[in-house]
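Residue 25 in the UniProt record's numbering sits at position 25 of the sequence shown; the count goes up by one each step and never skips.
Backbone N, C-alpha and C define an ideal beta-carbon position, used for all residues, glycine too.
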Amino acid sequence: MGSPSGESRIHVRGTPIEPESHDGAERRQQQHRRALDRIPLGTKNHVIAAIGEFVGTFMFLLFAFGGANVVNTAPDQGQPADLSANPARLLSISLCFGISLAVNAWVFYRISGGLFNPAVTIGLAAVGAVPPARAAVVIVSQLAGGIAAAGLVAGLLPNGLYIATVLSNDTSVAQGLFIEVFLTAQLVFTILMLAVEKHRATPMAPVGIGLSLFITQMMGIYYTGGSVNPARSFGPAVVTGSFPGYHWIYFVGPILGALLAAGFYKLLKALEYETVNPGQDYDGFADAFRTLLLEGGDRGSGGGAFSKGPGAPHYHHHHHRGGPAAPGAASGAPLSRDGTTVGSYGEGPQLEAGRHD
Numbered sequence: 001m002g003s004p005s006g007e008s009r010i011h012v013r014g015t016p017i018e019p020e021s022h023d024g025a026e027r028r029q030q031q032h033r034r035a036l037d038r039i040p041l042g043t044k045n046h047v048i049a050a051i052g053e054f055v056g057t058f059m060f061l062l063f064a065f066g067g068a069n070v071v072n073t074a075p076d077q078g079q080p081a082d083l084s085a086n087p088a089r090l091l092s093i094s095l096c097f098g099i100s101l102a103v104n105a106w107v108f109y110r111i112s113g114g115l116f117n118p119a120v121t122i123g124l125a126a127v128g129a130v131p132p133a134r135a136a137v138v139i140v141s142q143l144a145g146g147i148a149a150a151g152l153v154a155g156l157l158p159n160g161l162y163i164a165t166v167l168s169n170d171t172s173v174a175q176g177l178f179i180e181v182f183l184t185a186q187l188v189f190t191i192l193m194l195a196v197e198k199h200r201a202t203p204m205a206p207v208g209i210g211l212s213l214f215i216t217q218m219m220g221i222y223y224t225g226g227s228v229n230p231a232r233s234f235g236p237a238v239v240t241g242s243f244p245g246y247h248w249i250y251f252v253g254p255i256l257g258a259l260l261a262a263g264f265y266k267l268l269k270a271l272e273y274e275t276v277n278p279g280q281d282y283d284g285f286a287d288a289f290r291t292l293l294l295e296g297g298d299r300g301s302g303g304g305a306f307s308k309g310p311g312a313p314h315y316h317h318h319h320h321r322g323g324p325a326a327p328g329a330a331s332g333a334p335l336s337r338d339g340t341t342v343g344s345y346g347e348g349p350q351l352e353a354g355r356h357d
């Protein structure tokens, strides 16, 4: 009911409840901040990362396991489907894992990085992207998340849990180990180049990472179960109590694959790979100009932005003071030569290749 002054009041059993004042809400926020300030920042961040990785791994594997469980169970009789290679079945399970990873990594990457995989965590720790203490904490959370996801699928779905990473009858332990090594190396290297390396495509990294997991599943499911993730193999094994004698390959293989990818990544960084194929994150004329300069260094006198050799571009000065940028000058990162500014949103002379008056 409205009061004479126009303010709203809520009456419960005849007792008016006044709306909370702004000062009261502010005091409560200050008390909350003071409580958080008492916790060391490093400890608080480790706790948040651990919670994020547990929930993220749980959600990723819940939907991946659940979808694969449907595919693995014949709906007409509630029995496991034929385990022989079946393209439609392989495609369906691969999509379950790839899409679930893409969605949940996109959701959780702001919280904990969206790793969901002890092997990935070790690979990122090897290149310095994750501190060792943080890596140890989140690995425990990831393994626990895998167990929780497998347990919920086993208890929630009527057909039980039909998820396991096992070797096919014609795959040896050594073959299975190296298959896991190379599958995981593919996944981890994708993560390093799309997520750890910062560039224009980084916000879309979860899509590429999900597709990377998808292709590893298409190859690996039939031979090894396509683990590439110790948490994926360990969770169902704990819930079902089934640990084959070669279960160790689902830890050793992915970890070795992650270290292989990390070593290759560090080699590329040491060699400054960016100079080989510049301008991949094209951002207007300034980046194009940088590319021409670097190409000139490769071609010597035969080309390049300032070379006199054949094929060298022709530059002509146009003055656009105060006006809009010349076409393509979109990066806002000015380059300068002899006082001439290039690619700076129209604030000075612009150089345009291939223009003749």
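Going by C-alpha distance, which of Q31, G220, L90 and A102 is nearest F60? When only C-alpha atoms are compared, the closest one is A102.
Distance CB(A195)-CB(A205) smaller than 8 Å: yes
Can you give me the start and stop residues for the alpha helix (DSSP H) that H199 sits inside? Counted as a single uninterrupted DSSP element, the stretch harbouring H199 is not any alpha helix (DSSP H), since DSSP gives it neither H nor E.
Excluding five sequence neighbours on each side, which residues of the same chain lie with their C-beta closer than 6 Å to the C-beta of Y223? S168, T171 and I179
Which residue from A237, I255, P244 and G42 puts its Cα closest to that of V228? I255
Mapping the DSSP letters down to three states, classify T171 as helix, strand or coil. coil
Using DSSP with H/G/I as helix, E/B as strand and the rest coil, what is P324? Residue confidence for P324 is low, a pLDDT of 42 falling below 50, so the modelled location carries little weight and cannot support an answer.
Given a cut-off of 8 Å on the beta-carbon distance, is the pair N69 and I163 in contact? Result yes, Cβ atoms of N69 and I163 sit closer than 8 Å.
Member of G176, A35 and L91 whose CA lies at the smallest distance from the CA of G245: G176
Determine the DSSP secondary structure at T73, reduced to helix, strand or coil. strand
Taking Cβ positions, are L211 and G98 nearer each other than 8 Å? yes
Over the uninterrupted alpha helix (DSSP H) stretch that includes S112, give me the two end residues. Here S112 belongs to no alpha helix (DSSP H), and DSSP marks it neither H nor E.
Consult DSSP for N45 and reduce its assignment to one of helix, strand or coil. helix
CB V234 to CB L161, shorter than 8 Å? The residue you asked about is not Val; residue 234 is Phe in the sequence shown. Cβ distance not < 8 Å, so F234 and L161 don't count as in contact.
Which value, in whole angstroms, describes the spacing of the CA atoms of A135 and I51? 13 Å
Range of the contiguous alpha helix (DSSP H) that encloses Q217: A205 to T224
Consult DSSP for G257 and reduce its assignment to one of helix, strand or coil. helix
Do V138 and A49 have their C-beta atoms closer together than 8 Å? yes
Measuring CB to CB, does L192 end up less than 8 Å from V127? yes
Straight-line Cα distance separating A150 from V47: 23 Å
Does the distance from the CB of G66 to the CB of L124 come in under 8 Å? no
Measure the beta-carbon distance from I249 to V173 and round it to whole angstroms, keeping in mind my assumption that it falls under 8 Å. That pair is a contact at about 6 Å.
What number of angstroms, rounded off, separates the C-alpha of Q31 from the C-alpha of G145? The alpha-carbon of Q31 is positioned some 33 Å away from that of G145.
Separation of V107 from A64, as counted between CA atoms: 16 Å
Go ahead and pull the three-state DSSP assignment for D23. Residue state, collapsed to three classes: helix.
Would you call the CB atoms of T57 and S141 closer than 8 Å? yes
Using C-beta distances below 7 Å, list every residue in its chain close to F243, excluding the 5 sequence neighbours before and after it, in chain order. Within the same chain, Cβ atoms closer than 7 Å to the Cβ of F243 are found at A237, the five residues on either side in sequence being excluded.
Can you have a look at V276 and say buried or exposed, based on whether 16 or more other CB atoms are within 10 angstroms of its CB? exposed
Quick one, which of Y109, V71 and T73 has its alpha-carbon nearest T202's? Y109
Roughly how many angstroms separate the alpha carbons of A262 and G253, rounded to a whole number? 14 Å
In terms of residues, what are the limits of the alpha helix (DSSP H) holding S242? Premise fails: S242 is in no alpha helix (DSSP H) and is neither H nor E.
For the alpha helix (DSSP H) containing A150, name the first residue and the last one. P132 to L156
L62 to D23, Cα distance in whole Å? 44 Å
Which residues in the same chain have their Cβ closer than 7 Å to the Cβ of I39, if we skip the five residues on either side of it in sequence? none
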